[in-house]
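FYI, in the working numbering the residues of the sequence shown are 38 to 302.
Backbone N, C-alpha and C fix where the C-beta goes; we use that ideal spot for every residue, glycine too.
Treat the numbers as computed from the prediction; the structure is a model and nothing was measured.
Input: a single structure, listed below in structure tokens.
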Amino acid sequence: MPRTKKQAARSAEVPFQIDKDVLEQLIPGPMSAAGVESIFQQLKKALLERALNAELTHHLGYAKGEAPSEKGPNHRNGSSAKTVLTDEGPLDLAIPRDRTGEFEPQLIGKHERRFSGFDDKIISLYARGMSVREIQAHLLEMYAVEVSPQLISDVTEAVMAEVIEWQNRPLEPLYPVVFFDCLRVKIRDEAVVRNKAVYLALGVLPDGTRDVLGLWIEQTEGAKFWLRVFNELKNRGVADILIAVVDGLKGFPESIEAAFPQTTV
């Protein structure tokens, strides 16, 4: 449970100690690549489904909740389940449908079962600092077919809303454990593949579930940039982190202490 102001003040006087048995319940073992990927799968699913729904909006000529278009009686008709194969395994999606059955998604065609080359793009889209133009460029690569500028604009608008909502969503006031790490990935930037640093904050909630608090892209890893990350987490509502798990980057513990002075590193 989140601590009250009195409890937080009391913790400043008495150093916090956490029982090893509690840690084993929160983190039953090392964080595996599969565990991290399962979290990324949630982000992929949200982005793909938002893009597909934007395609249907473009096809119908009106947004969900608005009056039907004058073009005809066609309208939304729920969704159908579909499993597509990505670079890192199967992904279950809800594919939107229209009443007349005329809608054919271009991002994932009706008979397509494979969607590869998506991982680097999803990291870029969800990272902070992406402009509308950059997201449009990524979407053009993702579709890999010639589509109308209006469709790309409609999908970009929908995806941008999803990205911004995820980037700025409020966080919990207290996290028992947060893993901070930096991943080196290859990302296409202005038609050139570059090695970039993706900063990752992975929080563990009191019930043991894990949540990606944020992704940030920078050219290199450094303690100064990590301090910016910590301050952003504070602005989004994080008041306290009990334990921060980090690597041996020089200046890392000092940056955490500057933002969260009571955190055990």
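Cβ pair residue i, residue j closer than 8 Å
i       : j       : result
Leu-208 : Gly-274 : yes
Glu-92  : Val-192 : yes
Ala-296 : Phe-267 : yes
Leu-84  : Glu-199 : yes
Leu-239 : Val-215 : yes
Phe-217 : Ala-260 : no
Asp-135 : His-112 : yes
Leu-122 : Arg-87  : no
Leu-264 : Val-249 : no
Gln-299 : Asp-277 : yes
Glu-258 : Cys-219 : yes
Residue i - containing beta strand (DSSP E), residue span
i       : result
Ala-118 : 113-123
Val-249 : 247-255
Pro-130 : Reading off the sequence shown, one finds Leu at residue 130, where the question assumed Pro. Residues 126-135.
Ala-281 : 277-282
Nearest to residue i (by Cα), restricted to the options the options
i       : options                            : result
Lys-361 : Glu-255, Gly-251, Lys-287          : This structure cannot settle anything about residue 361, because the visible part of the chain is limited to 38 through 302.
Glu-141 : Ser-117, Gly-126, Pro-127          : Ser-117
Lys-101 : Ala-174, Ala-195, Glu-178          : Ala-195
Val-241 : Leu-220, Val-282, Ile-293, Ala-131 : Val-282
Glu-255 : Glu-139, Glu-178, Asn-232, Thr-120 : Asn-232
Thr-94  : Gln-78, Lys-81, Leu-80, Asn-114    : Asn-114
Leu-97  : Gln-204, Arg-247, Pro-133          : Pro-133
Glu-269 : Asn-205, Lys-287, Val-230          : Asn-205
Ala-131 : Lys-81, Trp-253, Thr-137           : Lys-81
Ser-190 : Ala-174, Glu-202, Ile-201, Trp-203 : Ala-174
Phe-262 : Ile-224, Val-302, Glu-291, Arg-247 : Glu-291
Ile-36  : Gly-245, Lys-287, Arg-247, Trp-253 : Only positions 38 to 302 of the chain appear in this structure, which leaves residue 36 out of reach.
Terminal residues of the alpha helix (DSSP H) in which residue i lies
i       : result
Lys-147 : Segment: none, Lys-147 is in no alpha helix (DSSP H) and carries neither H nor E.
Val-266 : 260-272
Glu-291 : 289-296
Nearest-angstrom beta carbon gap, residue j and residue i [assumed within contact, 8 Å]
i       : j       : result
Ile-280 : Pro-210 : Ile-280 to Pro-210, Cβ: 16 Å. No contact.
Thr-120 : Pro-110 : Not confirmed; about 31 Å, so no contact.
Residues that DSSP places opposite residue i in a beta bridge
i       : result
Glu-92  : Bridge partners of Glu-92: none, in fact.
Arg-221 : Ala-234
Leu-239 : Phe-216, Val-249
Leu-8   : Past the boundaries of the shown model lies residue 8; the chain is included only from 38 to 302, so the question cannot be answered.
Arg-151 : Leu-122
Thr-301 : Ile-280
Residue i beta carbon near the ligand ATP (any heavy atom closer than 7 Å)
i       : result
Phe-140 : Among the components of this structure there are no ligands whatsoever, and the ligand ATP is therefore not found.
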